[in-house]
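Some notes on the structure that comes next.
Residue numbers (our numbering), protein chains in the order written: chain A, 1 to 291; chain B, 292 to 548.
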């Protein structure tokens, strides 16, 4: 009896010692995790990025109200080199074949009565239905900037929730503080929704600085097309800065940004037209002041 | 017919005496409730996500109920030797089999109805509408699908051991539900004789995915034409009869001791 009791005490002591030895290691490991405190991410481990991708696609499935190619359709379509998968012409009430193609047999034809077989997009406020998948995707892969940018777009443009969009973008910035995309998207909220021009300018300037840090070292072209420099984002940031300065009444500063934009623009003629309009505005303003 | 319904009645009573259904239903309520409480961007009108989770649970759990209920009918009667006094009564083996099938199918229907009523309540609490027609169609087709699974399981229960039967039926059902509709597309890119074999399998298997209206329900698509729902019911009944007949034939020659 005494032996058994002593053995139990010994086992307890061993357990306590091992626990005391393991605890600091566990703490260090969990603080190193990309998403500390997220049980789902912890459970999935490195597979969470795959699940995050799946959730992101699920949001797109919702946007198309379930009319979406399966992996088998995608494989088939790739083989047939069919061009327009996800955006054939908008549904008009008639049954479309779209990515499904013509039914191969009677089972295939009959089965189409029980699945979404028409291409539609969520309209108006119904786009909210995509948001849970976006949020879950961002939780699992907080480094995926695209999720934050796209979600913020829907929140602002379709649902008028700029406060929620800002919170979400700031959440993204906590994981990737030097993302020019996130800073630009945040700047847009301050420019367009809040009309807080100095704050917007600071964010656009930060986005510009980060763009030079992150994007400039990248090549302009690669063989696969992956990892190329995002020049469109630079255009957007400079355009945002020009718009912000114009709204704040700093027309000359705005002109400078437009000149800078023109050298990088994909449509220099369009930017030149903006420059001409702004110059006319400046002249008209100067004329008024002289009088 | 009375004998068949007497056997069926015993099966139905067994379902509500056992705890399986209650546990699965409470689990569905809990998980759906948790999803319902989740807040995404302060928007309390998000509903499709909850519908998706709830319907997914209903599909999984209803399949579990159907397979486990049907799989234990004949083996447990044989194990407890109650099959002998049962067959000593003026009842034939095919009547026992039919009674077991009707009992299992009706029991699954009752369980499914409760699940769908819960689903309707959850959905209506957010959407403030209740598309009864669409939900009834979804329930009805789902029930036909379970009928095929129950018939398949009864056939398996007289041909295989209980554990093997449950495993095989789960693998087959989940396989058909996820890939059954795409086999012909896969066959297109195969070489002979694999292509012919896969195509033959495609035409032979019961296409359980035809009874799956989940996507239409989640995304608020209009009702399926009633004629198509009726045709699907006919398709389902044909497979039920086929599997049931096969089960009766095997059971008729089966040694019970």
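For glycine and all other residues, C-beta sits at the position ideal for the given N, C-alpha and C.
With DSSP run on the structure shown, which of helix, strand or coil describes residue i?
| i | result |
| --- | --- |
| residue 334 of chain B | strand |
| residue 368 of chain B | helix |
| residue 505 of chain B | helix |
| residue 249 of chain A | coil |
| residue 132 of chain A | helix |
| residue 546 of chain B | coil |
| residue 436 of chain B | helix |
| residue 12 of chain A | helix |
| residue 230 of chain A | coil |
| residue 453 of chain B | helix |
| residue 344 of chain B | helix |
| residue 225 of chain A | coil |
| residue 265 of chain A | coil |
| residue 102 of chain A | coil |
| residue 115 of chain A | coil |
| residue 125 of chain A | helix |
| residue 160 of chain A | coil |
| residue 82 of chain A | With a pLDDT of 46 at residue 82 of chain A, under the threshold of 50, the modelled position of that residue is not reliable, and no figure is offered here. |
| residue 216 of chain A | coil |
| residue 421 of chain B | coil |
| residue 373 of chain B | coil |
What's the gap between the Cα of residue i and the Cα of residue j?
| i | j | result |
| --- | --- | --- |
| residue 487 of chain B | residue 469 of chain B | 21 Å |
| residue 14 of chain A | residue 29 of chain A | 23 Å |
| residue 1 of chain A | residue 10 of chain A | 14 Å |
| residue 388 of chain B | residue 117 of chain A | 40 Å |
| residue 313 of chain B | residue 405 of chain B | 11 Å |
| residue 391 of chain B | residue 113 of chain A | 32 Å |
| residue 460 of chain B | residue 103 of chain A | 29 Å |
| residue 217 of chain A | residue 205 of chain A | 19 Å |
| residue 88 of chain A | residue 239 of chain A | In this prediction, residue 88 of chain A has a pLDDT of 40, which is less than 50 and means its spatial position is unreliable; what the coordinates show is noted afterwards. C-alpha separation (whole angstroms): 31 Å. |
| residue 329 of chain B | residue 379 of chain B | 57 Å |
| residue 146 of chain A | residue 503 of chain B | 33 Å |
| residue 68 of chain A | residue 243 of chain A | 38 Å |
| residue 425 of chain B | residue 190 of chain A | 45 Å |
| residue 85 of chain A | residue 134 of chain A | For residue 85 of chain A, the predicted model reports a pLDDT of 37, less than 50, meaning its position is unreliable; a value from the coordinates is still stated below. Their Cα atoms are separated by approximately 22 Å. |
| residue 345 of chain B | residue 510 of chain B | 14 Å |
| residue 26 of chain A | residue 173 of chain A | 26 Å |
| residue 334 of chain B | residue 60 of chain A | 19 Å |
| residue 402 of chain B | residue 508 of chain B | 19 Å |
| residue 386 of chain B | residue 523 of chain B | 26 Å |
| residue 340 of chain B | residue 136 of chain A | 11 Å |
| residue 278 of chain A | residue 411 of chain B | 59 Å |
Quick test of your reading: residue i and residue j, contact by CB under 8 Å. State the CB separation rounded to the nearest angstrom.
| i | j | result |
| --- | --- | --- |
| residue 448 of chain B | residue 366 of chain B | 6 Å |
| residue 183 of chain A | residue 168 of chain A | The pair is not a contact, with the Cβ atoms about 14 Å apart (cut-off 8 Å). |
| residue 73 of chain A | residue 50 of chain A | Residue 73 of chain A to residue 50 of chain A, Cβ: 20 Å. No contact. |
| residue 363 of chain B | residue 453 of chain B | 7 Å |
| residue 111 of chain A | residue 472 of chain B | 6 Å |
| residue 398 of chain B | residue 360 of chain B | 6 Å |
Mind checking whether the beta-carbon of residue i lies closer than 6 Å to any heavy atom of the ligand GDP?
| i | result |
| --- | --- |
| residue 532 of chain B | No copy of the ligand GDP occurs in the structure displayed, which carries no ligand at all. |
Short-range partners of chain A found in the region 461–473 of chain B, where Cβ spacing is below 7 Å
472 and 473
Alpha helix (DSSP H) runs wholly inside the region 465–513 of chain B, at least 4 long, in chain order:
474–479, 485–495 and 505–509
Please list the residues of the region 509–522 of chain B that have a C-beta atom closer than 9 Å to any C-beta atom in chain A, keeping them in chain order.
509, 510, 511, 512, 515, 516, 519, 520 and 522
* To do: Below 8 Å between beta carbons is the criterion; list the residues of the region 330–359 of chain B that meet it against any residue of chain A, in chain order.
  => 331, 332, 333, 334, 336, 337, 338, 339 and 340
Discussion item. By the 8 Å beta-carbon criterion, what residues does the region 473–502 of chain B contribute toward chain A?
Written reply: 473, 475, 476, 477, 479, 480, 493, 494, 498, 500, 501 and 502
Fill in: Near-chain B residues of the region 99–116 of chain A - C-beta to any C-beta below 8 Å
104, 105, 107, 108, 110, 111, 113, 114, 115 and 116
Query raised in the report: Taking a cut of 7 Å between CB atoms, which residues from the region 56–69 of chain A lie near chain B?
Result: 62, 65 and 66
(message) If the cut-off is 9 Å on Cβ atoms, which residues from the region 200–233 of chain A count as contacting chain B, listed in chain order?
(response) none
What alpha helix (DSSP H) runs, 4 residues minimum, are completely inside the region 130–213 of chain A? 131–140, 145–157, 162–175 and 180–188
Query raised in the report: Which ranges does the alpha helix (DSSP H) cover as unbroken runs of at least 4 residues, wholly within the region 380–419 of chain B, from first to last along the chain?
Result: 384–418
Taking a Cβ distance cut-off of 8 Å, strictly less, list which residues of the region 126–157 of chain A are near chain B, in chain order.
128, 129, 131, 132, 133, 135 and 155
Practice task
Could you name the residues of the region 155–182 of chain A whose beta carbon sits closer than 8 Å to any beta carbon of chain B, in the order they occur along the chain?
Solution key: 155, 159, 161, 164 and 168
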